[in-house]
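A.B. asks: If you're matching them up, the sequences are chains A and B in order.
For the first sequence, our numbering assigns the number 223 to the last residue and increments by one with no breaks.
For the second sequence, our numbering assigns the number 165 to the last residue and increments by one with no breaks.
Each residue gets a CB set at the ideal place from its N, CA and C atoms; glycine is no exception.
This structure is in structure tokens; I'll ask about it shortly.
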Amino acid sequence: MLDTRELENAKSMSIIVTKGSLDWAYPPFILGTTAAAMDVDVTMFFTFYGLPLLKKDLNLKFTPLGNPAMEMPMMGGHMAMPNVVGMLPGVGAMAGGMMKNLIKKKGVASIPELREAAIESDVKMIGCQMTLDLFEYDRADMIDEMEIGGAATYMEQALKADVNLFI
Amino acid sequence: MADQLLDAKGLNCPLPILKAKKALKGMSPGQVLEIKATDPGSVADFAAFCNQTGNELISSGSEGDVYQFEIKKS
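In structure tokens form, the structure reads like this:
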């Protein structure tokens with residue numbers, strides 16, 4: 057365990073998590089879990105579309121819509137998807153399926169796996185109270201490890217943190 | 092001689108680091124963890140991980156497509 061000297065030297069990081077799609081869930085969870093593995097004290101604040109990442113039942117979706125930089129590796133090349141194609145019924149689900157296959161094939165962690173790692177390494181996860189109210193989320197549908205807080209709760213952590221990220 | 096072996100082959104960032112951290116947690120100071128990985132990014136990542144956590148990177152090398160690391164727990 058940490059002795060007093062180590063506690064005084066402990067680094068800390070905060071991340072504001074604002075996006076909850078399958079692809080955007082990665083950066084905050086990768087950085088949060090890795091920082092925790094490097095003995096950094098991590099606080100993640102989930103607000104707006106980031107809040108669903110704390111639901112017990114994770115069913116993350118992906119869309120290529122409005123993302124001209126999204127290129128799927130395909131037959132040795134890359135394929136971008138024009139918006140007009142991405143809008144067609146079923147195409148979003150298909151792209152999400154392709155993404156999940158790619159994730160598995162390349163040995164990339166799943167989001168449930170990374171969230172579990174975050175819980176195990178004592179990453180503090182704060183759900184935004186205002187977002188819970190705004191989108192009528194039920195506390196009972198969210199993971200037990202979620203603490204509830206607001207902007208001031210976040211600021212208290214952020215003001216003393218070495219690294220603050222907004223993702 | 093390593094006290095424990097971690098096979099992280101086929102795993103991508105940040106899993107080799109997360110699994111190494113978990114393994115080190117269960118070990119005693121002075122013990123050595125040997126890691127095998129195929130993620131090319133793990134070379135720079137294990138160096139950074141050890142710099143930050145104070146664990147000692149005793150060796151870092153590769154054989155074919157497999158990278159090998161030895162970390163001594165601080």
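In terms of residue numbering, what span does the alpha helix (DSSP H) encompassing Phe85/A cover?
C.D. replies: Run containing Phe85/A: 82-93, per the alpha helix (DSSP H) assignment.
A.B. asks: Using a beta-carbon distance cut-off of less than 9 Å, what residues from the region 121-132 of chain B approach chain A?
C.D. replies: If the cut-off is 9 Å between Cβ atoms, the region 121-132 of chain B has Thr129, Asp130 near chain A.
A.B. asks: When the Cα of Val73/A is compared with those of Asp113/A, Thr99/A, Gly133/A, which residue comes out closest?
C.D. replies: Among Asp113/A, Thr99/A, Gly133/A, the Cα nearest to that of Val73/A is on Thr99/A.
A.B. asks: Can you pull out the residues from the region 179-192 of chain A whose beta carbon lies closer than 9 Å to at least one beta carbon of chain B?
C.D. replies: Hits within the stretch: zero.
A.B. asks: Taking Cβ-Cβ distances shorter than 8 Å, what residues in chain B pair up with Lys162/A?
C.D. replies: The answer, in chain order, is Asn103.
A.B. asks: Is it buried or exposed, Ser70/A, if we count other Cβ atoms within 10 angstroms and call 16 or more buried?
C.D. replies: Result: buried.
A.B. asks: Secondary structure at Val164/A, three-state DSSP: helix, strand or coil?
C.D. replies: Here Val164/A sits in coil by DSSP.
A.B. asks: How long is the line joining the alpha carbons of Met155/A and Val141/A, rounded to whole angstroms?
C.D. replies: Their Cα atoms are separated by approximately 17 Å.
A.B. asks: Report the residue from Ala99/B, Ala128/B, Asp94/B, Glu147/B whose alpha carbon sits nearest the alpha carbon of Glu154/B.
C.D. replies: Closest option to Glu154/B, Cα to Cα, is Ala128/B.
A.B. asks: What does Ile162/B touch in chain A if you count any residue whose Cβ is under 8 Å from its own?
C.D. replies: What Ile162/B touches in chain A: nothing, since even the nearest Cβ is about 12 Å away.
A.B. asks: CB-CB under 7 Å to Asp200/A, same chain, minus the five flanking residues each way: which ones, in chain order?
C.D. replies: There are no such residues.
A.B. asks: Could you run through the region 133-148 of chain B and flag, in chain order, every residue whose CB is less than 7 Å away from some CB of chain A?
C.D. replies: From the region 133-148 of chain B, only Phe140, Gln143, Thr144 have a Cβ closer than 7 Å to chain A.
A.B. asks: What's the gap between the Cα of Asp96/B and the Cα of Leu144/A?
C.D. replies: Reading off the sequence shown, one finds Leu at residue 96/B, where the question assumed Asp. One C-alpha to the other measures close to 49 Å.
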